[in-house]
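Asker: Have a look at this one.
Protein chains: 2
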Amino acid sequence: MNARLDRFTDVDTPALLLDLDQVEHNIDRYQRGAASAGLKLRPHAKAHKCSAVGRIQIERGAVGLCCAKLGEAEAMAAGGVRDLLVTTPVIGVLKIRRLVELAKSARMAVVVDDESNIAALSEAAGAADVQIDVLVEVDVGQARAGVAPGPRAGELASLVARSRRLRFRGLQGYQGKLQAVASLGDRAALVREAMAKLRVSLDGVRAAGLDCPVATGGGTGSFPIDIGLGTLTELQPGSYVTMDTAYAKVALASDGDAHPLGQPLTILASVISRPAAGKAIVDVGWKSASSDGGLPSVKDQSGLIFEFAGDEHGSIRSTAGELNLALGDRIELIPSHCDTTVNLYDRFAVHRSGRLEGFWTIEARGKSQ
Amino acid sequence: MNARLDRFTDVDTPALLLDLDQVEHNIDRYQRGAASAGLKLRPHAKAHKCSAVGRIQIERGAVGLCCAKLGEAEAMAAGGVRDLLVTTPVIGVLKIRRLVELAKSARMAVVVDDESNIAALSEAAGAADVQIDVLVEVDVGQARAGVAPGPRAGELASLVARSRRLRFRGLQGYQGKLQAVASLGDRAALVREAMAKLRVSLDGVRAAGLDCPVATGGGTGSFPIDIGLGTLTELQPGSYVTMDTAYAKVALASDGDAHPLGQPLTILASVISRPAAGKAIVDVGWKSASSDGGLPSVKDQSGLIFEFAGDEHGSIRSTAGELNLALGDRIELIPSHCDTTVNLYDRFAVHRSGRLEGFWTIEARGKSQ
Chain V
1 MNARLDRFTD VDTPALLLDL DQVEHNIDRY QRGAASAGLK LRPHAKAHKC
51 SAVGRIQIER GAVGLCCAKL GEAEAMAAGG VRDLLVTTPV IGVLKIRRLV
101 ELAKSARMAV VVDDESNIAA LSEAAGAADV QIDVLVEVDV GQARAGVAPG
151 PRAGELASLV ARSRRLRFRG LQGYQGKLQA VASLGDRAAL VREAMAKLRV
201 SLDGVRAAGL DCPVATGGGT GSFPIDIGLG TLTELQPGSY VTMDTAYAKV
251 ALASDGDAHP LGQPLTILAS VISRPAAGKA IVDVGWKSAS SDGGLPSVKD
301 QSGLIFEFAG DEHGSIRSTA GELNLALGDR IELIPSHCDT TVNLYDRFAV
351 HRSGRLEGFW TIEARGKSQ
Chain Z
370 MNARLDRFTD VDTPALLLDL DQVEHNIDRY QRGAASAGLK LRPHAKAHKC
420 SAVGRIQIER GAVGLCCAKL GEAEAMAAGG VRDLLVTTPV IGVLKIRRLV
470 ELAKSARMAV VVDDESNIAA LSEAAGAADV QIDVLVEVDV GQARAGVAPG
520 PRAGELASLV ARSRRLRFRG LQGYQGKLQA VASLGDRAAL VREAMAKLRV
570 SLDGVRAAGL DCPVATGGGT GSFPIDIGLG TLTELQPGSY VTMDTAYAKV
620 ALASDGDAHP LGQPLTILAS VISRPAAGKA IVDVGWKSAS SDGGLPSVKD
670 QSGLIFEFAG DEHGSIRSTA GELNLALGDR IELIPSHCDT TVNLYDRFAV
720 HRSGRLEGFW TIEARGKSQ
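Each protein sequence line maps, in turn, to chains V and Z. Counting in our numbering, the first sequence runs from 1 upward without gaps. Counting in our numbering, the second sequence runs from 370 upward without gaps.
Put into structure tokens, the structure is as follows:
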């Protein structure tokens, strides 16, 4: 039995543990990095989905939070965060109604890539007598939402600027696919390529005579490059606060400290069966650890391998001979993908210096609408 | 725009739709199959996690429900289901305390595969003055929890039978790996092999002079074979009620009606960006459709392909030329794996004959403890 885990005997399993010392370390590391480059940090709440974590980010210097969905923004606003950017287009009557409602009590920004959506936002904001900040999303290589680099961003920006109720704020350009490229050099080349695409659109907007104070984007992997590049004015990293095995493989600094972030997020699992000498079954499966990023790893126990064994089961084996795990013993797993794992849990079991501090509600869990 | 989906314009997306006509059809089909073979049906609640669905199963003939975890059982009991089998070992002080609490108001059965667990259950049941039904789990090929086929089940059964507070009820033998074998003939051979292993243990228990009324196991895929085999007395199918694309590929009857079950479960998604002529982006990603079973498929629109494009994005393309989807249009997706997709949602949007009936809470969503 891992002595460190004796401290969590009152926490039932599976549980999502969050080490607050390391959370603060990670928040401060990226906040300092952004500040020293004169950039603003607007961390992405989609990673932690917890307003208590978001409030720490803001207390320590973030200008607000990003949210992937409106439901996430509603949860963060209810938790006291008052400056929010929804990084996905908000489409349709039902959602626009919710957005203008939210804009009555929080400063709301949203991205757009379509004329009809701009018209609908303008009309709804007017009817509700609110103002909404709008950024045009540019596809800088993600091949998802967003307009193509070039004059299109300026055309949409002009349309936004003509609305009395919408305020054009700038452009968003996010390239998710390059975030996990392990080599800092390879990643830097890809980031420069993506940001060159964003600059084409930024130039177009400015050539149209529009004020464009914000260029937002970036993630945990591009962060060390973004802070030196000077294209983005606001950075959106999310995973840096919780981390996972995918990002643990990504070099995040060039100063010799290539892995400057801690790993605060773990899953506490219990052994529920010992069917054979070399195998233990634990109570974590696909319903308590996401698999879209691969397999979770076993923390602090070299040679132990976790494999999924169903919705609610995982299998542990040892590559180093004997398996010293008894029925009821606990182990910690490191999620392969933090965002989708956090989305499976209602709360974090928060600890500091090895002691349980309490449970924090993950208010935006499941808020995909 | 799909005319059928115009009926759900008041339902925000992503939403999990459940067609009640088809749910009832599926429930009745398997209930009749079990009854005509003289077998009991104890459907697995891990698929739907919703007590309202569980109550329909019981109203239509099920003897109770299976639950994968104690938290699922607590949710079903709170929803009025009073006869529950927890199909995973319940290990440790915290969980056993919850089990005996539950046994004060519901008839609780649990599986075991370990002496120390039997002793702990017996002691806790005695202290709380409750009775708990106990089944010994046998590993019939799943290579997960359970004792090896042979005399070991009889030894544990005798230990259970000696406890005043535990009642030995029988054996559980579940082989999950064969459930999705597409060919009925290939699957039948594997089911017979697994059930032969269970019979070895059943014989051992009976040779020890113990009453062993229950042999429980089976799933949606093995069901058509189990009802003809006569080894199991209680069947545990789960997915049959909601279905998914994995089970749609599995032949489920030999009478010419190889696909006798409907597909009641779908995800309602909205188009949120049309970045290119051949591509639409929808608001469903890894956080609203599970990926452990592969890709969801697009319902009723041949040639359309869904691919994951991140936590909250999916990409739709057409293999048949033009893509007739406008911003705000809705499509329905069929989950690849029902259990893990249901576990992402707080409620079903329930409809019947094409009309929305209301929302049913998925009370056991996330109840992995």
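Glycine included, C-beta positions come from ideal geometry on N, C-alpha and C.
Within 9 angstroms of any Cβ in chain Z, is that where the Cβ of V/F348 sits?
Answerer: no
Asker: Of all the CB atoms in chain Z, is at least one closer than 9 angstroms to the CB of V/F306?
Answerer: no
Asker: Leaving out the 5 sequence neighbours to the left and right, which residues in its chain are closer than 8 angstroms to Z/T602 when beta-carbon positions are compared?
Answerer: L408, K409, G539, P582, V583, A584 and T585
Asker: Apart from the five residues on each side of it in sequence, which residues of its chain come closer than 7 angstroms, Cβ to Cβ, to Z/L528?
Answerer: E484 and I487
Asker: What are the uninterrupted segments assigned as alpha helix (DSSP H) that are 4 or more residues long and contained completely in the segment 505–542 of chain Z, given in chain order?
Answerer: 521–531
Asker: With a threshold of 9 angstroms between beta-carbons, can V/Q131 be considered close to chain Z, or not?
Answerer: No - not a single Cβ of chain Z is within 9 angstroms of the one on V/Q131.
Asker: List, from N- to C-terminal side, the alpha helix (DSSP H) runs of 4 residues or more that fit wholly inside the segment 329–360 of chain V.
Answerer: Within the segment 329–360 of chain V, the runs of alpha helix (DSSP H) that reach at least 4 residues and sit entirely inside it are, in chain order, 338–342.
Asker: How would you list, in chain order, the residues of chain Z whose beta-carbon sits under 8 angstroms from the beta-carbon of V/W360?
Answerer: Correct list: empty, because the minimum Cβ distance to chain Z is about 15 angstroms.
Asker: Strictly below 8 angstroms CB to CB, what residues from chain V border Z/G697?
Answerer: I91 and G92
Asker: On the premise that V/K299 lies in contact with V/L265, defined as a C-beta separation below 8 angstroms, what is that separation, rounded to the nearest angstrom?
Answerer: Rounded, the Cβ-Cβ distance is 10 angstroms, inconsistent with contact.
Asker: Determine the chain Z residues that contact V/K278 at a beta-carbon separation under 9 angstroms, and present them in chain order.
Answerer: Just to set this straight, residue 278 of chain V is Gly in the shown sequence, not Lys. Correct list: empty, because the minimum Cβ distance to chain Z is about 11 angstroms.
Asker: Inspect the beta-carbon positions of V/K95 and V/R365 and report whether they are closer than 9 angstroms.
Answerer: no
Asker: Identify the contact partners of Z/K438 in chain V, using a Cβ-Cβ distance below 7 angstroms as the criterion.
Answerer: E312
Asker: Give the straight-line distance between the Cα atoms of V/D283 and V/L327, rounded to the nearest whole angstrom.
Answerer: Put simply, the backbone Cα of V/D283 is about 11 angstroms away from that of V/L327.
Asker: Going along the chain, which unbroken runs of the alpha helix (DSSP H) with 4 or more residues stay wholly within the segment 215–287 of chain V?
Answerer: 223–229 and 245–248
Asker: Mind listing the chain Z neighbours of V/D139? Cutoff is C-beta to C-beta under 7 angstroms, in chain order.
Answerer: P644
Asker: Skipping 5 residues on each side, what residues in its chain have a beta carbon closer than 6 angstroms to that of Z/L374?
Answerer: R699
Asker: Between Z/G510 and the rest of its own chain, which residues show a CB-CB distance below 6 angstroms, the 5 nearest in sequence each way excluded?
Answerer: Q544 and A563
Asker: Find out if the Cβ-Cβ distance for the pair V/T88, V/V63 is shorter than 9 angstroms.
Answerer: no
Asker: At the level of alpha carbons, what is the spacing between V/L198 and V/I267?
Answerer: 38 angstroms
Asker: Does the beta carbon of Z/I650 come closer than 9 angstroms to any beta carbon on chain V?
Answerer: yes
Asker: In angstroms, rounded to a whole number, what distance separates the CA positions of V/L166 and V/E155?
Answerer: 15 angstroms
Asker: Could you pull the start and end residues of the alpha helix (DSSP H) that Z/R398 belongs to?
Answerer: Start and end: L389 to S405.
Asker: What's the C-alpha gap between V/Y30 and V/A180?
Answerer: 17 angstroms
Asker: Listing by chain order, which chain A residues have their CB less than 7 angstroms from the CB of Z/T611?
Answerer: This model lacks chain A altogether; the protein chains it does include are V and Z.
Asker: How should Z/N693 be labelled, buried or exposed, when 16 other C-beta atoms within 10 angstroms of its C-beta is the threshold for buried?
Answerer: exposed
Asker: Just to confirm the assignment, what range does the alpha helix (DSSP H) spanning V/R98 have?
Answerer: V93 to L102
Asker: Compute the distance between the beta-carbons of V/Y240 and V/P43, then report whether it is under 9 angstroms.
Answerer: yes
Asker: Excluding the 5 residues flanking V/R355 on each side, which residues of the same chain have their C-beta closer than 7 angstroms to its C-beta?
Answerer: R7
Asker: List the residues that DSSP assigns as beta-bridge partners of Z/A478.
Answerer: Z/L454 and Z/D502
Asker: Under 9 angstroms between beta-carbons, which chain Z residues line up against V/N26? List them in chain order, please.
Answerer: The premise fails here: V/N26 is roughly 19 angstroms from chain Z at the closest Cβ pair, so nothing lies under 9 angstroms.
Asker: What first and last residue would you give for the beta strand (DSSP E) that runs through V/S315?
Answerer: G314 to S318
Asker: Looking only at its chain, what residues have a beta carbon closer than 6 angstroms to the beta carbon of Z/A467, apart from the 5 residues adjacent to it on each side?
Answerer: The amino acid at residue 467 of chain Z is misidentified as Ala; the sequence shows Arg. For Z/R467, where only same-chain residues beyond five positions count, the Cβ hits under 6 angstroms are L439.
Asker: Buried or exposed, going by whether 16 or more other CB atoms sit within 10 Å of the CB of Z/G461?
Answerer: buried
Asker: Shortest alpha-carbon distance to V/P260 belongs to which of V/L20, V/S270 and V/K249?
Answerer: V/K249
Asker: Taking the Cβ atom as the reference point for each residue, do V/P275 and Z/A517 lie within a distance shorter than 9 angstroms?
Answerer: yes
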